[in-house]
Each structure stands twice: as C-alpha cells, then as structure tokens.
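See below for the structure under consideration.
Numbering (full-length UniProt numbering), first residue to last: 1 to 614.
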C-alpha cells in the first residue's frame, strides 16, 4: 500500500483513467492546466512536478481560459476525454465559475481542482478566505456548486477514493456530464495516507450507448409515419454520438430534410440535397420556412434552446415532436414523444421502424427550391470584390475557403456566431466549433487551443471580434508558449456589433456599444499591436485580396498568426426573419422605444405553447 499525499494520490489516479466506446480506448484526463498560487502550489504543484509525463502540466494565463480550453478539448473528442484544471483558493477558484457554467450548459465534461481553505481551521482566517458568519464550512469554492454536475470537498484523505470514482462516473456519463469540481483544502492536499493498491490500477470507464425502450420507439415511429412535412432538427448529440452516418441514412431513406442547431452544424454536409442548414434565430430562410410548416419535428440530440425555437415562435401549433436524446430531461421538451437513448442507436432503430415510409415528391421539390433560393442569398453575402474593404460576411467566406474540408473554425460571441451559423459550409462534422450555449466572450482563443490540442493535424481558425478579444487576449501567450499553432482572425469594428443592433431595436440607442472616449472620439487602441506584444505573428489587411493572401500565409506558418482586419459594425448579414424574445421597456419616453414595445407585443403573440400531447 503506497504512502502518498492526497495530491500525489489524486494525480496518480488521474494518470491511470481511460474511457472506452466502441472498442476505442483513450486517456480520460491526459493533461492538467493550471495556475499555481496560495492553496495549490504546495499540494498539487508538488504532485504534478513529480508526475512528469504521466500527467503533463500546462501553464495557462487565466483560470477562466483554462476551463474553456478543457471544454473545447472535450467537445473535439466527442466528450470521451477532457483536461483537469487546478487553481488557488481565492480569485483563482472564483475565476473558474464562468468556464464551469459554459461547460455544464453545453453538456461538456471538465474536471476542476480548486484549492480550498484549511479543513482543520487551525489557521483561520487564512489568506483569501471568505468568512461567512453563518458557518465555518463555507468558502468561495461553494460558488461552483450550482454550475457543477458533481461537487465535493475532500475534508479527509479517506474521502478521496469515493469522490474520485463519483467524479469519473459523471465525467463519462453522456446523460449527466458537465463540470465536476473537487475542492481540495490546502492542508488536506499535503496530508499523507496509506492507499489501497487497487486505487491506482488502470481503470477503464466504458461510455455506454443506451438503447431506447422498444415501446417508446414504436410510439415515435407511429407518429413519424403519419408525417407529410417532417423535419429533423440535429443538435450536438448527433455529433458527440458519432451519429452523422445514421442521420444521413435516415434522411435519404425517408426523404426528411435536416436543419441544424449551432452545436449540430456539420451533422450533414452543407451540399447534401436534404441539408437546410441553420435553424432558428440565426437560421436560414430555407430551414425556418420548412420548420414553420412542419407537421412532425424529429429532434435528435438537441436541447431546444430559445435560439433554436425562435423563443417558441418557429414551429406551428399543429406540430408534433419526437425527441431522440440520451437525456430524458431534453427528450421531454415541447411535450415531445420521448425516445431516451444514444442518438446513433435510436436513429438506426427509428429508421428500421419506419421502413417503407417516405415523404412525397412535392415536399422534396419544395425543399430543393428553398435550398436553392437560400444558396443564392448566401453566395452574395460571402462574396466581395478583391479590392473591396472586407465585410464580416465576406471574411467568413474567405476563412471558410481557407479552411477547406478539414480546417476548424472556432467562435463564441457577438454577431459572428449568427453569421457563421447561416453562412459556414461544413463538409466535416468537426469543422464547426461555435460555443453558443453560454455565448461566452473570451472563449475563442482559449477554445482554439483546446481544439488544436485535441486535433493537432487540423488547421484551427479562430474568428474573434474586438469585444470578445479584449475579454481574454492573454491566452495568445499560452498558445505561443505551448507551441500551439492557431490562425486568429481578429475582426475589429470598434465596438459591439450584435448588441449594438439589439440595443437599437429595443430603443436603447446603442448605448455603451462603441469604443470611444467620453467625448465620442475613437479610442487610440491598436489590437494588432497588442496581439504582437503577446508573441503572435501579425498581418494587417485592408482589402479582400490581402485577406485571402494573409490567410494563405498564416495557414502555411508554423507559429500562431493573427490576421487583423477592420470591418464596419453597422453592416449586417442576411436575416432569416425569426423572432427572439428580448423584453422591451413597457413605458418609454421616445417614439423609437414605443415602436419597439409595439413590435415586441406583436412578436410574443406568435409564441406557441406546444402543450399538445403527443
């Protein structure tokens, strides 16, 4: 029985955990990111220094950024692998909250190991301790409870084995996964104990493909076979399950068009005749028109966010929902018929149960016409003359061309995710990586690092706006230090384009959405120079021809390169006409505000309850 500290035992345990699905085994926790400080340097810091290649350590620049990196890594590996993240006990721990919320909302596993106050309390109050007069058992790590799928504090060494097993179970459970937090009091980290040999044996966590209940499948198939205008809404679960082939077979066999959520983009190749592209608030006119007239909606691996449903206004009152999801919580949404199980297995079973049924010729022809009409709109938005100043939509087209079939685009917040969702043309299910469950500004560069670490053979193109860049530029230094090559396209429009337009639409006059001084003059801020100061190579462009040349240079480079391009924040991409519920002031002192309220009242009247029993 080896005698190790709690921190040493934890690190040794993590180095010997594996996940397996479909016969493919991989390290569950192949590395640890962290920032050392008061509360983790003497415990986990010492243990990681001794672990070496068994559990490699990487230095990041922000605690929030390291969680984004871990979440992106998990998404790129279909949730079969993730990274550990360790922090100090004070602001280091609370800085994890934003990243943890994003991981849990997006159903992505990350392992958080924040330091904590003394379990013995002999030195209270210690540096960075939150003193709560209600209980000595409260610390800042409790802020991670609501954003974690599993949370525990290790107050005694004897508690560690059970907590580790529980943490690994949640990380590898596709229905329960999200952020997992093990808070580690600094005195307990350093305490030694005799551990059972079995704790450190190689352990394989088998990720299941749960089969759906046969009666549930029969109920679902009975509804689908009555459909004349069906639509599949593909979510991230299609991709995480590796169900893209099953989806394609189902769509082709039965003539069912497919629309995609942000996380589901790439579920079908963009040029497939049944691929309608993005759906919802950031959707295409083709997908949204079919959605509005659908009589049966088959949701596969989607959580039906408000952007997907256009705040409940997209699908008609007469629509019935059949929801295939590994999580019963999501399968039950919109009063749908629930098929709880793995997306790939459930699609294959539904396909077989619907044998002999297919949509009519007229419906397929209408899908083809709508696709063709939208393609013309998208082509126009993606195109710009070589000598013209870049627009945001033309930048997306150029990056899409540079990425080819295997490149990956990474984005998260602002107006670009909407334009990307409508305009990006995916040929591969892993070519599109947009964090839009939490829409977290600052995710992009840190997320790009995670994508590149998980798929080093792919070119990674980070599309980031100036507002999001300023939230977390420091992870550029991490990319440079770790030798993680990214192509960062920094789109600078001197403000917040998306919120600016939204602000104007609700009568707030774009307040606080431009980078100016108090007198309204542009700020003398050079974001390109900032990127170069962090160690990245820099290319500045002012025309589309220069942008395409710069992307070719950056793709061929071996170091992280930032392409700095200015655009006009007042230029908007094509709109799908879907409504989004943003409450407007009921009483306003301006004509614009009153008009915005009237439009809001009209919009919310079109919301459907979707309470019809399946």
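Ideal Cβ positions, reconstructed from N, Cα and C, are used throughout, including at glycine.
Where residue i sits in the DSSP three-state scheme
| i | result |
| --- | --- |
| residue 539 | strand |
| residue 315 | coil |
| residue 73 | helix |
| residue 223 | helix |
| residue 201 | coil |
| residue 419 | helix |
| residue 374 | helix |
| residue 244 | helix |
| residue 615 | The structure shown does not extend to residue 615, since the chain is modelled only from 1 to 614, so the question has no answer here. |
| residue 608 | coil |
| residue 128 | coil |
| residue 561 | strand |
| residue 277 | strand |
| residue 379 | helix |
| residue 28 | coil |
| residue 522 | strand |
| residue 68 | helix |
| residue 601 | helix |
Top-ranked residue by Cα proximity to residue i, from the options
| i | options | result |
| --- | --- | --- |
| residue 484 | 439, 421, 558 and 552 | 558 |
| residue 141 | 134, 54 and 153 | 153 |
| residue 648 | 593, 466 and 34 | The structure shown does not extend to residue 648, since the chain spans only 1 to 614, so no value can be given for it. |
| residue 462 | 493, 422, 481 and 417 | 417 |
| residue 20 | 202, 49 and 107 | 202 |
| residue 65 | 84, 80, 164 and 585 | 84 |
| residue 381 | 415, 340, 573 and 160 | 573 |
| residue 379 | 364, 329 and 284 | 284 |
| residue 427 | 443, 401 and 438 | 401 |
| residue 437 | 219, 101, 132 and 359 | 101 |
| residue 301 | 267, 47, 533 and 556 | 267 |
| residue 456 | 493, 408, 138 and 490 | 408 |
| residue 323 | 460, 219, 92 and 289 | 219 |
| residue 71 | 552, 443, 563 and 601 | 443 |
Cβ neighbour criterion (16 or more within 10 Å) applied to residue i
| i | result |
| --- | --- |
| residue 174 | buried |
| residue 531 | buried |
| residue 518 | exposed |
| residue 26 | exposed |
| residue 227 | buried |
| residue 605 | exposed |
| residue 270 | buried |
| residue 241 | buried |
| residue 1 | exposed |
| residue 75 | buried |
| residue 511 | exposed |
| residue 196 | exposed |
| residue 626 | Outside the shown range of the chain, which is 1 to 614, sits residue 626, and nothing can be said about it. |
| residue 330 | buried |
| residue 361 | exposed |
| residue 525 | exposed |
Cutoff 7 Å; reference residue i; Cβ partners in own chain excluding five residues on either side
| i | result |
| --- | --- |
| residue 208 | none |
| residue 287 | 259, 276, 277, 278 and 279 |
| residue 516 | 522 and 523 |
| residue 588 | 507, 594 and 597 |
| residue 61 | 474, 475, 477 and 478 |
| residue 585 | 507, 593 and 597 |
Cutoff 6 Å; reference residue i; Cβ partners in own chain excluding five residues on either side
| i | result |
| --- | --- |
| residue 263 | 235 and 236 |
| residue 39 | 88, 89, 115 and 186 |
| residue 246 | 344, 347 and 348 |
| residue 441 | 413, 468 and 471 |
| residue 252 | none |
| residue 390 | 544, 547, 565 and 567 |
| residue 164 | 13 |
| residue 542 | none |
| residue 405 | 427 and 428 |
Residue i beta carbon near the ligand HEM (any heavy atom closer than 7 Å)
| i | result |
| --- | --- |
| residue 106 | In the structure shown, the ligand HEM is absent, as is every other ligand, since no ligand is present at all. |
8 Å CB neighbourhood of residue i in its chain, flanking five on each side removed
| i | result |
| --- | --- |
| residue 177 | 79, 107, 108, 109, 149, 170 and 171 |
| residue 335 | 321, 610, 611, 612, 613 and 614 |
| residue 535 | 476, 477, 480, 481 and 560 |
| residue 104 | 147, 148, 149, 178 and 179 |
| residue 363 | 228, 229 and 255 |
| residue 191 | 5, 6 and 157 |
Proximity test, Cβ basis, 8 Å: residue i and chain D
| i | result |
| --- | --- |
| residue 176 | Any reference to chain D falls outside this structure, which holds one protein chain only. |
Does the structure place the segment 469 to 483 close enough to the segment 419 to 434 that three or more beta carbon pairs sit under 8 Å?
Not touching, per the Cβ criterion.
Counting beta carbon pairs with one atom in the segment 174 to 185 and one in the segment 122 to 130, are three or more of them shorter than 8 Å?
Counting Cβ pairs under 8 Å, fewer than three are found: no touch.
Spell out a yes or no on whether the segment 447 to 455 and the segment 367 to 387 are touching, meaning 3 or more CB-CB pairs, one atom from each, closer than 8 Å.
Contact between the segment 447 to 455 and the segment 367 to 387 is absent: fewer than three C-beta pairs spanning the two stretches fall below 8 Å.
Are the segment 386 to 396 and the segment 539 to 553 in contact at 8 Å, needing three or more beta carbon pairs?
As far as the Cβ criterion goes, the segment 386 to 396 touches the segment 539 to 553, which means the pair count is three or higher.
Should the segment 310 to 326 be regarded as contacting the segment 579 to 588, the criterion being three or more beta carbon pairs within less than 8 Å?
Contact holds: three or more Cβ-Cβ distances are below 8 Å.
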